Amino acid sequence: MEKVYIEEIRYQGVGGHLFAIAAKKSIDFGFDGMMYGFTANKILLDHYVEKFNAEFIGILHPFQFAIDEENAKNIMEVYTYDWTDEKL
96 MEKVYIEEIR YQGVGGHLFA IAAKKSIDFG FDGMMYGFTA NKILLDHYVE KFNAEFIGIL
156 HPFQFAIDEE NAKNIMEVYT YDWTDEKL
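In this note's numbering, each residue's number is its place in the sequence shown (first place is 1) plus 95.
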């Protein structure tokens, strides 16, 4: 199967907003904004390392990363993190 890439980026910035929401939830639950996760591939991991200063961990998963409290606060300064539990 051939991969097809589109030239137009349709959802730029969505990841930052999702990280901002996750950082806010981390703070709300007493974890000071610390976040752990993993990506689907190395390209996305490299993007998170470059864009959000994520740190590669790779212990439990080959693309595992962490974003510390300071970088979480930086993300929250740049991206909105309003959240609602309202159903659409």
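We treat Cβ as the ideally placed atom computed from N, Cα and C, and that holds for glycine. As the structure is a computational prediction, the values presented were derived from the model and not from experiment.
Pairwise C-alpha distance: Tyr176 and Ser121: In the sequence shown, the residue the question calls residue 121 occupies position 26. In the sequence shown, the residue the question calls residue 176 occupies position 81. Computed Cα separation, rounded: 12 Å.
Complete runs of the beta strand (DSSP E) confined to the segment 116-180 [at least 3 residues]: Within the segment 116-180, the runs of beta strand (DSSP E) that reach at least 3 residues and sit entirely inside it are, in chain order, 130-133, 159-162.
Proximity below 9 Å, CB of Met129 to CB of Ala149: Taking the first residue of the sequence shown as 1, we reach residue 129 at position 34. Taking the first residue of the sequence shown as 1, we reach residue 149 at position 54. For Met129 and Ala149, no; Cβs fall outside 9 Å.
Residue environment, Thr179, which counts as buried when at least 16 other CB atoms sit within 10 Å: Sequence index remark: in the sequence shown, residue 179 carries index 84 (1-based). Thr179 should be labelled exposed.
Spatial neighbours of Gly111 in its chain, beta-carbon cut-off 8 Å, leaving aside the 5 residues before and after: Working through the sequence shown from its first residue, we reach residue 111 at position 16. Lys146, Phe147, Ile170, Val173, Tyr174.
Under 9 Å between C-beta atoms of Leu155 and Phe133: Here residue 155 corresponds to residue number 60 of the sequence shown, with the count starting at 1. Here residue 133 corresponds to residue number 38 of the sequence shown, with the count starting at 1. Yes, the pair counts as a contact, with Cβ atoms nearer than the cut-off.
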